[in-house]
Amino acid sequence: MNWAAGVQCVTKCDNRKPKPGELAYRKGHVLTIIDTSTRKGYYKARHNTTGEEGFINSNNVREREALRVDHSLSFMPWFHGKISGPEAVSKLQPAEDGLFLVRESIRHPGDYVLCVSFSGEVFHYRVIYQDNKLTIDYKQFFYNLIDMIEFYSKNNDSVVTTLMKPKKKQGTKSAEVELSKTGWLLDITKLTLGENIGEGEYGAVYQGEYMDQKVAVKIIKCDVRAQAFLQETAVMTKLQHKNLVRLLGVILHKGLHIVTELMTKGNLGNFLRTRGRSVINSVQLLRFALDVCEGMEYLESKKLVHRDLAARNVLVSDNSVAKVSDFGLTKVDSKESDKAKLPIKWTAPEALKKEKFSTKSDVWSFGVLLWEIFSYGRQPYPKMSLKDVKENVEGGYRMDAPDDCPAEVYTLMRLCWEQEPRRRPGFSKLREKLEQEMVKRSPRPEAKHREGMGSGSRS
Ligand code: ATP
């Protein structure tokens, strides 16, 4: 385990009578490491609940347990996903007044159905999604299903009975209980939200502070989406690497708050576009490429496929370290995908055509990312329509080298864009090649070239 400042850990035993300077805690408490270098065998840490700081014996803490990456975590145990009406009826047996579930409508995609048992019958209410709100009767509108269920648990205006007992989806575990047991549940009262720093497809990203630490908070309001993002979060709890954006924890409040380390310099695409050639030299570009490559080598070692590697999904820290983010599409296996959402210009031909995602399709995307880096954030395949990109690439067309791109780097791009996935190099080979380039170009310790690094340490 790489113990570093900012890492969260869980205590293995009690320390009820701390010596002067030491921190008091009970077994299972979550602490944040502040410093690992002041006292041998001890870490300086902050208690996540009390906010107190002090030394802890390094043997008395363990890494936070990762969440299981499966579909069993739920904060809507009554949500059964896409099941038919008759299936819902059979799930609501034996009949019990007020027993309910919510399912996704098969006939009207995007809508939901509330199914309630009453007097031995099951009543189905279509929940219409309109103008970002949900309604059953066009009188009451809700931002999400959780609010709706809460309302109809107290009122029976348009529903035959108040909702009394959720029919739990089999095999689901309460997200709240699991997150809190494993130490990933954060406390909303300790979070201060600041300005909006980005917009994702499903939620806004804000700057914030959590117990004196600068953080980024992605807020996903729609609860069905949030449920899907729990999966992304579960993947992130397994990963600890200097070149992957670190998850600090989550808050369950009006959907889901995903709290990560703050990457003050934003995404790599914008970073390069707004600074350009006059500010960033080729050694810094190589350094970014190497950062991403190391992060991807780690993902490869964990048998994870990213599927959406692109400069917009790489973020830059305060001391200019590039880290891979957005594990939204990351899958442990490579079977599922949603074709309509694929980022065509970054996706390997076999993934576009046959949905064959693998580390080697990530390598293809890495080649496109290298092109983005060395063109200072330009849009790949400039002026070419998505349809043309698909057809041309399939027919063997490849982008030219960006202006002033080192020949060796362009050679790497072309290797990443081999039609046959097996012929593409792996991330460790790519890292070796990039390191060699780095050594050739920076006789002095390369870290000094980083913008704004000063004496700050790399996390
Ligand atoms: P998704 O499709 O998963 O909703 P997205 O790729 O569209 O997401 P987000 O991950 O939501 O985008 O991020 C949107 C923007 O917010 C990023 O491009 C970046 O500028 C900013 N951002 C996201 N996370 C952070 C962070 N940890 N630190 C700083 N800025 C961030």
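Numbering of the sequence shown is given in the numbering used here, commencing with residue 1454 and proceeding in unit increments.
We treat Cβ as the ideally placed atom computed from N, Cα and C, and that holds for glycine.
V1736 sits close to R1894, with the two beta carbons spaced by under 7 Å. About 4 Å separates the Cβ atoms of K1813 and P1874, confirming a contact at the 8 Å cut-off. Residue side-chain check: M1689 keeps its Cβ at 6 Å or more from all non-hydrogen atoms of the ligand ATP.
Closest option to A1742, judged by alpha-carbon separation, among E1890, L1795, T1489, G1653: E1890. In its chain, beyond the 5 residues on either side, L1692, H1694, N1696, L1697 have a beta carbon closer than 8 Å to the beta carbon of Y1751.
With fewer than 16 neighbouring CB atoms inside 10 Å of its own CB, L1839 falls in the exposed class. If you draw a straight line from the Cα of F1819 to the Cα of E1518, it comes to about 30 Å. Going down the chain, each residue whose beta-carbon is closer than 7 Å to a heavy atom of the ligand ATP shows up: I1650, G1651, E1652, G1653, E1654, Y1655, G1656, V1658, A1669, K1671, V1698, T1713, E1714, L1715, M1716, T1717, G1719, N1720, N1723, R1765, N1766, L1768, S1778, D1779, G1781. For E1557, DSSP records a beta bridge to K1535, Y1565. When rounded, the separation of the alpha-carbon atoms in S1811 and P1833 is 22 Å. Secondary structure of I1581 (DSSP, three-state): strand.
A distance below 7 Å separates the beta carbons of V1569 and F1553.
In this structure, the beta-carbon distance from V1670 to Y1659 falls below 7 Å.
Minimum Cα-Cα distance from I1673 among the listed residues M1664, E1652, P1547 corresponds to E1652.
Just so you know, the alpha carbons of L1598 and G1702 end up roughly 23 Å apart. Its Cα nearest to that of Q1872, the residue T1800 stands out among W1531, Q1623, L1721, T1800. Assigned with DSSP and collapsed to three states, Q1693 falls in coil, not helix or strand. By the criterion of at least three beta-carbon pairs nearer than 8 Å, the stretch 1640-1649 is not in contact with the stretch 1479-1491. Taking all protein chains shown into account, D1853 has fewer than 16 neighbouring C-beta atoms within 10 Å of its C-beta and is therefore exposed. Across the set V1777, A1457, P1547, R1867, the C-alpha of V1777 shows the shortest separation from the C-alpha of A1764.
With a cutoff of 7 Å on beta-carbon distance, I1589 and S1611 are scored as near each other. Here the alpha carbons of G1729 and W1456 stand approximately 35 Å from one another. As DSSP reads the structure, I1826 sits in no beta bridge. Counting of Cβ neighbours within 10 angstroms places E1631 among the buried residues, the total reaching 16 or more. In the DSSP assignment, V1514 falls within the unbroken beta strand (DSSP E) covering 1514-1516.
In the three-state reduction of the DSSP assignment, Q1461 falls in the strand class, which pools E and B. Of T1502, K1493, S1543, the smallest CA-CA separation from M1664 is found for T1502. Taking the Cα of Q1680 as reference, the smallest distance to any Cα among R1867, F1528, G1459, E1516 is reached at F1528.
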